[in-house]
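Notes for the one structure printed next.
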Amino acid sequence: MTTGRVLVVDDDPSLAEMLSIILQGEGLEVTVCAAGDLALRAFQDTKPDIVLLDVMLPGIDGVEVCRQIRAESTVPIVMLTARTDTVDVVLGLESGADDYVTKPFKPQELVARVRARLRRGDESEAETLQLGDLTIDVPGHVVKRADRAILLTPLEFDLLVALARKPWQVFSRETLLEQVWGYRHAGDTRLVNVHVQRLRSKVEKDPENPEIVLTVRGVGYKAGKA
Amino acid sequence: MVHELWRRIERLGVRCAAAVARLWRRSLHFRVVVITVLLGTFVALGLGTYMYQRIGSGLTSRATNIAEQQALSQRDYAQSQFNNAPRTDIASLRAIGQQVAAPVTGTHPQEAGEQNDRVVIKRSPGNTFPSLGTFFTQAGDAQLIPDALQSAVEKDPRHAQLQIATVRVGARQVPAVIVGARIVIPNAGNYDFYLISPMTAESQMLGIVRTTFLLGGLALTLLLAGIAYLVTRMVVSPVRDAAHVSERLTAGALNERMQVTGEDDLARLATSFNAMADSLQRQIRQLEDLSQLQQRFTSDVSHELRTPLTTIRMAADMIHASRDDFAAPVARSAELLSRELDRFETLLTDLLEISRFDAGATAAANELVDLRDVVARVVDGCESLAQAQGVKLRVHSRREAVAPMDARRIERIVRNLVTNAIEHAEHKPVDITVAANNTAVAVAVRDYGVGLRPGDAEQVFNRFWRADPARARTTGGTGLGLSISLEDARLHDGWLQAWGEPGNGACFRLTLPVKAGQPIVRSPVTLAPDDSSVGIAMPKGNSLTIGTRAAGASPAPKGPGGGR
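Order-wise, the sequence lines are chains A and B.
Residues 1 to 226 (the numbering used here) make up the first sequence, in order.
Residues 1 to 564 (the numbering used here) make up the second sequence, in order.
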């Protein structure tokens, strides 16, 4: 069983406590923070392996907190949102969240998401991939362009590796959701779109004319020529 | 050839008449001008005719008076000539008669003949003396004397007798006064003296008067038409402005107002029109605000409920997971709690979806999808429910049915229709038919179960409507399913229609256009099925189109047989 530290940022004490009970039941170590303006401090203090972040928070809202945390860490962030409206979800994702769950969610659903984000370091054998002018060290979680490391979040890294491992294959958004996010059933394909944009902004020389992650119109995405 | 030409002219005439009739109906301006011209012509004609006649009769009576006096004095002169005749033999008397009848002022015989009075002396009918013959100023005049005048002179010889007749003067026919009187010629008996006095000057004058009246009348009518045109335009153009502005208002430009100039009645029209527009705008704004407020409230409530519901959900799941440790009643309670929470959650989701539709915050992501694939997925998903209910799902689809659609929403509609059908099928099979034509693709879900009561087809799409409140529900729907389906169909510019008969089952049909923005002409699947007791032609059952239509498209057919 994976052990890990979870930071729950939610202003609703009952929900926060319930989340703690569930996550502790899964063997995780939980810290709760009730306000947006205290979240960054709590994050720095506890150094969690994953952050569960409510969108609507007193003090600073979740989107801003997400941006602050992302500015100094690549830690996986899962947003908890009560609104499924496109704008809210996209805003959350664009501020750097890896995934989101919509309230009300089932405990198993949340646990599955957390587990998917915590499932790291399974690959032990040395594997190095070449994609364009990028060198990807899979177990070391390092991407380099001409010896200069590019900082990617684990999720972005997984997305890049998934594409790079099978450069001949076109991945549909649904396939990527399943492989990278761990969704067993169809989820929100906007997740893929937003993260591809973020990945491109980091690894492409010109994000407007991508060479590493290519869009295949009407189907999905594929890796650029090696 | 001639016939053809005639027909052409006739057609042209008919077309012109139709155009004028249309103009008459549609243009107040035209109507006012035409009426004014007609009335003006009528009045001018009437007045002109009256005045012309008055002038004419005045002239005639003056001419008559003068002619009478002239005739009497000339008669007296002639009588005295005969009386004072030195000799009374026939030759002398003839000479006197000729002298009397000769042109009176004879300097220019030609002129005198045309302009002046003419004399005829004629032997009276009862005269027994030897005839002197007839004397005349101008040949042929003797025949002009009317018989009526002769007999009048015969009857009353002491007075002058008058009659008006037409005579020739030169080349023209001119009305003339003919005066008759009696003279007695010694040794020759009674003779009738006639003076023919042509009214040349008078008829010339009347001609001038007539021409003047005609020209004047024409000018007056044209002037009237012009005035009517100008005056009507002064009134009509503000009215047209008002019509234009109110059209713009109707089209939704609520800020449109009329221009107010001056303080006259038209200005008052504009002012009150603007006041009306203001008031309308205010009320519309108020209603908009109110409905926005209500929509926001629904949305907020739904969202606010979510956080506590999440906690309850997790707590319930926790209890549910360890229900084996509890006593039986508590364990069962945990199950009920968990199940009802599912329902509560679905309801909340549906409510949110509806509030999103109400707020107009939905957009369909359209991509080309084969409706058969959607149906296949739904049937797969519903198979276990169908088996549990003992219902057989039969899919009929031959051709591909590709249309632009938001597959998630369409799948939701179809799933909704299929689960509804299963729930009401009463263990009989459910037929799902997919078809396509040039303008539309459609899926019809037909069951042979309880059906719909009269009036139900109009209600099924209402929110929280239930066919039979007493009926046990097996699938635990929220009562919002068909409302959401209808909104989803509307989002695609499609139709969602219901038909049903008690005991014969029901049919729900979804029709989508094959091209976005193109109206559906007819659905490729019939709504009231062939096996309906009523037949295919016109279902007497309760079919209703909750028609949704593309902007500008003709309204979807409604009522019995709707959308067939």
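Cβ coordinates follow ideal geometry from the N, Cα and C atoms, glycine included.
For chain A, is any of its Cβ atoms less than 8 Å away from the one on residue i?
i	result
B:Arg415	no
B:Glu383	no
B:Thr346	no
B:Asp380	no
B:Leu628	What is shown of chain B runs 1 to 564, which leaves residue 628 of chain B out entirely.
B:Arg306	yes
B:Arg453	no
B:Arg463	no
B:His303	yes
B:Ala315	yes
Ends of the beta strand (DSSP E) at residue i?
i	result
B:Trp24	Looking at the DSSP string, B:Trp24 is not in any beta strand (DSSP E); the run it does join, the alpha helix (DSSP H), is Val2 to Arg26.
B:Leu512	Gly505 to Pro513
A:Thr128	Thr128 to Leu131
B:Glu501	Trp495 to Glu501
A:Lys144	Val142 to Arg145
A:Ile150	Arg148 to Ile150
B:Pro404	Val402 to Met405
A:Ile136	Leu134 to Asp137
A:Ala214	At residue 214 of chain A the sequence reads Leu, which differs from the Ala that was named. Note, A:Leu214: beta strand (DSSP E), Val213 to Val216.
B:Gly97	Taken as a continuous stretch (DSSP letters only), B:Gly97 belongs to no beta strand (DSSP E), being part of the alpha helix (DSSP H) at Ile90 to Ala101.
A:Asp206	Here A:Asp206 belongs to no beta strand (DSSP E), and DSSP marks it neither H nor E.
State the beta-bridge partners of residue i as determined by DSSP.
i	result
A:Thr31	A:Leu7
B:Ile196	B:Arg118 and B:Ile178
A:Met79	A:Leu53 and A:Tyr100
B:Val443	B:Val434 and B:Leu510
B:Tyr191	B:Arg123 and B:Ile183
A:Leu163	DSSP output for A:Leu163 lists no bridge partner at all.
B:Ser397	B:Val434
A:Ser172	A:Gly220
B:Phe135	B:Ile121
Within 10 Å of its beta-carbon, does residue i have 16 or more other beta-carbons around it, so buried, or fewer, so exposed?
i	result
B:Leu336	exposed
A:Glu208	exposed
B:Ser523	buried
B:Cys16	exposed
A:Arg119	exposed
B:Ala551	The pLDDT assigned to B:Ala551 is 33, lower than 50, so where the model puts this residue is not dependable; a value taken from the coordinates is nonetheless given after this. Counting Cβ neighbours within 10 Å, B:Ala551 comes out exposed, since fewer than 16 surround it.
B:Phe42	exposed
B:His424	buried
B:Gly58	exposed
A:Tyr221	buried
B:Tyr194	buried
B:Asn83	exposed
So residue i is in the alpha helix (DSSP H); what residue range does that whole segment cover?
i	result
A:Leu191	Arg190 to Val203
B:Ile432	Premise fails: B:Ile432 lies in the beta strand (DSSP E), Val430 to Ala436, not in any alpha helix (DSSP H).
B:Val169	It is not in any alpha helix (DSSP H) - B:Val169 instead sits in the beta strand (DSSP E) that spans Gln161 to Val169.
B:Lys155	Asp147 to Lys155
B:Val301	Asp265 to Ala321
B:Leu486	Gly481 to Leu491
Got a sec: is the Cβ-Cβ distance from residue i to anything in chain B below 8 Å?
i	result
A:Asp61	no
A:Lys225	no
A:Ser14	yes
A:Arg217	no
A:Val9	no
A:Pro58	no
A:Ala112	no
A:Val213	no
A:Pro104	yes
A:Met18	yes
A:Ile50	no
A:Ala146	no
A:Ala35	no
A:Ala82	yes
A:Ile22	yes
A:Gly121	Any reading at A:Gly121 needs caution, since the residue's pLDDT is 49, under 50, leaving its predicted position unreliable; the model's value is listed next. A:Gly121 does not count as touching chain B.
Give a yes or no on whether 8 Å exceeds the smallest Cβ distance from residue i to chain C.
i	result
A:Pro139	Any reference to chain C falls outside this structure, whose protein chains are A and B.
So, do the region 503-519 of chain B and the region 398-409 of chain B have three or more beta carbon pairs nearer to each other than 8 Å?
Counting C-beta pairs with one atom in each stretch, the region 503-519 of chain B and the region 398-409 of chain B have three or more that are closer than 8 Å, which means they touch.
With three or more beta-carbon pairs closer than 8 Å as the criterion, would you say the region 348-367 of chain B touches the region 322-330 of chain B?
No, the region 348-367 of chain B is not in contact with the region 322-330 of chain B.
Does the structure place the region 1-11 of chain A close enough to the region 91-108 of chain A that three or more beta carbon pairs sit under 8 Å?
With the cut-off at 8 Å, the region 91-108 of chain A and the region 1-11 of chain A do not touch.
Does the region 169-185 of chain A come into contact with the region 146-161 of chain A, if we say contact requires no fewer than three beta-carbon pairs (one atom in each stretch) closer than 8 Å?
These segments touch.
The region 152-167 of chain B touching the region 208-216 of chain B, judged by at least three CB pairs closer than 8 Å
The region 152-167 of chain B vs the region 208-216 of chain B: no contact.
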